[in-house]
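Position one of the sequence shown corresponds to residue 1 (full-length UniProt numbering), numbered consecutively onward.
Using N, Cα and C, we set each Cβ at its ideal position, and we do this for glycine too.
Okay, so here's the structure we're looking at.
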Amino acid sequence: MHYQWIFPEAEAPPLSPFYVEKNVDPVIATIMTRRGISGPQDYQTYIHPSLDNLHDPFLMRDMDKAVDRLVKALENGENILVYGDYDVDGVTGVSILYQSLHRLGGKVHFFIPDRKNDGYGVTEKGITRALELNVSLILTVDCGITAQKQIAFANEQNVDVIVCDHHSPVGEPPAA
């Protein structure tokens, strides 16, 4: 079967004179303009990123508590489970966090659920897996923001949970 992609027409926003001056490709200039990058400073920051330009991570709710708990786990040699989603951002996040904690000397394990066998997100089955590994701290990656019941179950087993998830909670976020 042969398919043909049909792209909807989108009106291009007016381009900043800066892009014309710099002879930036019109497609790139349009993409950057749609992302709110329209002047020389924004352009330089986008093209040449720096850690200095990142937002302060401690602006996130309870970041200080999460860092303190993670440092405690590393210092005390506790078993840590990095629990991620099975999509690309979950797997990538698990990989980065696992490798980073391992390099810091952490006793770290990971769990990425099988979509068919384990279901989606943080599950009691996944928490049970953590218990089998004698884990005292679970770090979720790309999941957990709606897992109130599952996180409560983990807490009842004396397992702390730190939720790292970019999704929106349904109601109140879990007491992690």
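So, for residue i: in the same chain, excluding its five sequence neighbours on each side, which residues have a beta-carbon less than 8 Å away from its beta-carbon?
i    : result
L104 : L74
D87  : D142
N158 : S136
Since residue i sits in a beta bridge, which residues does DSSP pair it with?
i    : result
I162 : L139
G84  : V141
N79  : K107
When you compare only the Cα positions, how much space is there between residue i and residue j?
i    : j    : result
E78  : Q41  : 45 Å
Y83  : V122 : 8 Å
V67  : H55  : 16 Å
R129 : C164 : 19 Å
K107 : S95  : 15 Å
T146 : K125 : 16 Å
K149 : R115 : 20 Å
N117 : G144 : 18 Å
Return the chain-ordered list of same chain residues with a C-beta closer than 6 Å to the C-beta of residue i, the five sequence neighbours on each side being excluded.
i    : result
V161 : I138, I151, A154, A176
E156 : none
Legend entry - Segments of 4+ residues assigned as alpha helix (DSSP H) that fall wholly inside the stretch 35-74: 40-47
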